RNA sequence: GGGCCCGUAGCAUAGCCCGGUGGUGCGCCCGGCUGAUAACCGGGAGGUCAUGUGUUCGAAUCACAUCGGGCCCA
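Numbering (our numbering), first residue to last: 413 to 1479.
The structure is reproduced here in structure tokens:
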């Protein structure tokens, strides 16, 4: 045990603990310790390897680390590799930026092999940076051997999973409408689409009906560029449509519009007048055919047989008629399939029109918007602009389009029921994350487009015959190598593209060029991290995962992708329990973003406040599943709490060392945590109380962590340190710690403090692993484990909880506050003793509490006695105040008479009569008046020097009257305090002796302090020689090392002290 | 447009499931303590419990609607 003098310096402590962990391989040793324990398989949700970690990622890892540290301590063999998501478009985009590329052509020109290499380096470098950052947060995941989605063993797991999908008939190639990023020239998944507000044209277009002159269907759209792909107009079968003759500038034309929308549409088209010709429900309009208004320029449109179809998704908005382009919209596509409409898509992968689009050939879609408007000519009924939400590519922010293309799909929609069933078997924290949020998301599950037309990703292991079109899915590298007779140096592109496989038909199979959607990578993490299918043993032993935890955004992301992939491959959920956590927001509750400039990095917090502070802050400030509003004040408050913890810990150390205190040990030298139980009978009440409290807290903390309520666990512990330990127990125990020589009382205090600190270190170690490690290392016995993280979790012992004592102490604390309050009212400082404090109550529990803990009460109140008075306290007087509002209505004009009668009556007697429910009558000059309870209120009248304050279950009265004896003690304490202050200024040690002289410029006060008070002072200040004399200055002969002028209660006092070195041994 | 979550003092939060006097911390103001001391403790002021409607003897709590924030979807 070493003394620690400095105040809490987080960075120093944390650095030295990190060094210790590293040098002594503590993480490895901790894992080895639990190798024989029951397994606990955790899968780290892999962060994406771009750049630095942010507050949200830090929070995520801190939650994981806290739960895993706890889990290890409870005797589980925790398997927890860190993981990284290293493929995908985001990295490609960053590398493209570095290389100054703008399109896929640049990449092809540069060479796919070289490009892949750049991406690989980028991902690997970032991974290293992030691992170091996570380790600096004290995160104990396996960073030495993280799973990496770009490693062959991982890629093989993805291949294997796809081959399982193929075997199950869940893999399908389909011509579908997909989200398409024209810049990245690839399909992107629903989950990769970001929605943001944009302004687009909002146009109303007239489609000329074939066979009817000047008669039109009116549609509305915000994407003029999709009109070249129009094949139909959809109407709702039940909506009523109107045929109107509209007049504009003298010209008449006939328009079809949903009846309820006629007025608004015509207003937009600036028609001056109209006339209703007929009405018909949508289902009667299906006979209409129409021609395209832009067929002159868009050649493709001339060959289309446009017609009206019905669809339920049409709503009574805009015109009530919907332009259908099955090549550019999901609903349109489904409708097109049902109605056997032609599915056309005259837009290429880069978002440019093909030659089919006639004069638009080569034009980018958005640039085509104004051209199309022009081409529409008089068919354009109205044009406005509209601000609405539109999908964008999640990485390059380009507005997405819908394109009908050939892609590979997993038939997730076929698995909905199976997945929903599995969701119900998973334990969710909070419960609604699974039962409401995730459940709703799965219900809407659509087929999952897993193919991307890019480079940096896991190549889709499908080989297709050029001759017969047959395809084959390879589940392992060896399978491929065997079939091809070639070895595979790297399963990435372009190497894998170059491997042909002979087909049964005699032709040659080549790999389809696509790579996997990056979400498929992480989807297989739970078995890929176990190196399955390459290795089977770990998988069979561990899978599925016992626990995962990620942010709420992963509902559609990782929670879903994993469930989907696992349901295909294994028919069940890959995780048993999930904690869904919130998002890290700024203090205003907005998302942290670079553009808002409100980003707080974990590093900022760590360098100014420390890792443990950051950890405890994010864990305690909100429930894991709520969003975290970052707030510097909150961080500082946590820092202060940890500082108090540090102070509480270092306070007893010098005394324990001075007394050579050694904790009780078992025969093997480990700390004997049971020894204290046998001594409980002889221990002071406050010792038994704090022991009970730490046990109740431990029970609460264990339960909270089990329920993943990390905020409750940490708040309970912070509260304990601040309220119970620092503000109460340490205050009570201090005098005992200062006792000279050996005493049982002091030893009991040491035992108690030691017990509490050891317990606290253990309970807090999952959350603030550095400071607790430092403390533990200092107070452990030689034979204890070297690290607090190698100790077993202690969850409290119900048998050591004394509920009655805890309640009694609560009452005493309430008494303490009240007596301090009453003193303040009486302007009597705590240093000055009072003759008595009286608790007036009828509450039996209060009476018992004050009675059994009276010495604590006396100490705290600095009262010579503390006593309880039941019922009425005879020193309290009462003043009766008539209630005129009540008297007026009853006594009318006589009310003032009654008022005076009440005032002149004995108030105390009146009160007791009314309290006892007696009939009270007051005789007046002209009669007798009956007084009811509501007619009078009673005001307490206290004699001089008596002050009161309410406590729970009673009232405390403090008599602040002074006697010579009390005054002497008060002055003594004033003098002691000042001399102690001077000792500190001289930097004297606690055990040093001094010589001192006090000169008091008041003969009466001076004489009060002679005799036994002088002796008491001398002892308290450890003085070998001590004098008190009247006067106004120290004698000129004496020369003290430190002299100081003071004023005590208006009396000038001069004090001089020197270190007493003549007889060093003297006590 | 839809699903889920959140809204309580200047700030951050507890209480909400299961209705019965709204607690706590920070900050602010006043005081105390003085061998944990650049520490610590006490007191005070500060609240339309987002808004509205309903259910109820009684609503921060339950229901419905609206507004604001977040995540996700269309």
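Each residue gets a CB set at the ideal place from its N, CA and C atoms; glycine is no exception. Predicted, not measured: the structure shown is a model, and the values here were computed from it.
Can you check which of these residues, the options, is closest to residue i by C-alpha distance?
{"i": "residue 1395", "options": "1455, 1351, 1427", "result": "1455"}
{"i": "residue 544", "options": "1072, 555, 669, 1032", "result": "555"}
{"i": "residue 605", "options": "965, 1404, 1369, 1017", "result": "965"}
{"i": "residue 777", "options": "721, 593, 735", "result": "593"}
{"i": "residue 665", "options": "628, 903, 955, 641", "result": "628"}
{"i": "residue 918", "options": "773, 945, 878", "result": "878"}
{"i": "residue 1373", "options": "887, 1367, 1355", "result": "1355"}
{"i": "residue 1480", "options": "959, 901, 967, 954", "result": "The chain is shown only over 413 to 1479; residue 1480 falls outside these bounds and no answer can be derived."}
{"i": "residue 1400", "options": "1431, 1469, 1416", "result": "1469"}
{"i": "residue 485", "options": "1045, 494, 451", "result": "451"}
{"i": "residue 1388", "options": "872, 1243, 1375", "result": "1243"}
{"i": "residue 1227", "options": "1363, 1241, 1138, 1306", "result": "1363"}
{"i": "residue 615", "options": "891, 798, 573, 743", "result": "798"}
{"i": "residue 705", "options": "789, 737, 1404", "result": "789"}
Can the beta-carbon of residue i be found less than 9 Å from the beta-carbon of residue j?
{"i": "residue 1172", "j": "residue 1106", "result": "yes"}
{"i": "residue 831", "j": "residue 862", "result": "no"}
{"i": "residue 1087", "j": "residue 1185", "result": "no"}
{"i": "residue 1359", "j": "residue 1313", "result": "no"}
{"i": "residue 647", "j": "residue 630", "result": "no"}
{"i": "residue 420", "j": "residue 1183", "result": "yes"}
{"i": "residue 667", "j": "residue 658", "result": "yes"}
{"i": "residue 1024", "j": "residue 426", "result": "yes"}
{"i": "residue 570", "j": "residue 980", "result": "no"}
{"i": "residue 1411", "j": "residue 1384", "result": "no"}
{"i": "residue 1357", "j": "residue 1371", "result": "yes"}
Determine the DSSP secondary structure at residue i, reduced to helix, strand or coil.
{"i": "residue 989", "result": "strand"}
{"i": "residue 690", "result": "strand"}
{"i": "residue 1461", "result": "coil"}
{"i": "residue 1147", "result": "helix"}
{"i": "residue 531", "result": "helix"}
{"i": "residue 776", "result": "strand"}
{"i": "residue 1326", "result": "helix"}
{"i": "residue 378", "result": "In this structure the chain extends from 413 to 1479, so residue 378 is not present and cannot be described."}
{"i": "residue 1331", "result": "coil"}
{"i": "residue 862", "result": "coil"}
{"i": "residue 872", "result": "coil"}
Can you name, in chain order, every residue of its own chain whose Cβ lies under 7 Å from the Cβ of residue i, other than the five neighbours on each side?
{"i": "residue 1285", "result": "1250, 1252, 1369"}
{"i": "residue 896", "result": "911, 912, 913"}
{"i": "residue 482", "result": "1117, 1178, 1205"}
{"i": "residue 1450", "result": "1409, 1468"}
Leaving out five residues on either side along the sequence, give the residues of the same chain with a beta carbon under 6 Å from the beta carbon of residue i.
{"i": "residue 899", "result": "893"}
{"i": "residue 1460", "result": "1386"}
{"i": "residue 1203", "result": "1174, 1197"}
{"i": "residue 561", "result": "497, 498, 499, 933"}
{"i": "residue 884", "result": "875"}
{"i": "residue 973", "result": "931, 935"}
{"i": "residue 859", "result": "821, 823, 824, 825"}
{"i": "residue 465", "result": "542, 545"}
{"i": "residue 573", "result": "936, 977, 981"}
Please go through the same chain and pick out, in chain order, the residues whose beta-carbon is closer than 8 Å to the beta-carbon of residue i, but skip the five residues on each side of it.
{"i": "residue 1477", "result": "Bear in mind that a pLDDT of 46 at residue 1477, under 50, signals an unreliable position, so the number given afterwards is only what the model happens to contain. So no residue of the chain qualifies."}
{"i": "residue 1348", "result": "1292, 1293, 1294, 1295, 1314, 1322, 1326"}
> At what residue ranges does the segment 1400 to 1448 contain a whole run of the alpha helix (DSSP H), taking only runs of 4 or more?
Replying inline: 1415 to 1420, 1424 to 1432
> At what residue ranges does the segment 1067 to 1123 contain a whole run of the alpha helix (DSSP H), taking only runs of 4 or more?
Replying inline: 1087 to 1091, 1097 to 1118
> Where are the alpha helix (DSSP H) runs, 4 residues long or more, that stay fully inside the segment 418 to 499, in chain order?
Replying inline: 422 to 435, 438 to 445, 467 to 485
>> Please give me, in chain order, every unbroken run of the beta strand (DSSP E) with length at least 3 that falls completely inside the segment 733 to 770.
In response: 733 to 736
>> At 3 residues or longer, what runs of the beta strand (DSSP E) sit wholly inside the segment 624 to 650?
In response: 627 to 633, 644 to 647
> Of all the alpha helix (DSSP H) runs that stay within the bounds of the segment 1235 to 1316, which reach a length of 4 or more residues?
Replying inline: 1256 to 1264, 1266 to 1273, 1296 to 1303, 1307 to 1316
> Which ranges would you report for the alpha helix (DSSP H) in the segment 1135 to 1213 if only whole runs of at least 4 residues count?
Replying inline: 1142 to 1149, 1156 to 1176, 1181 to 1191
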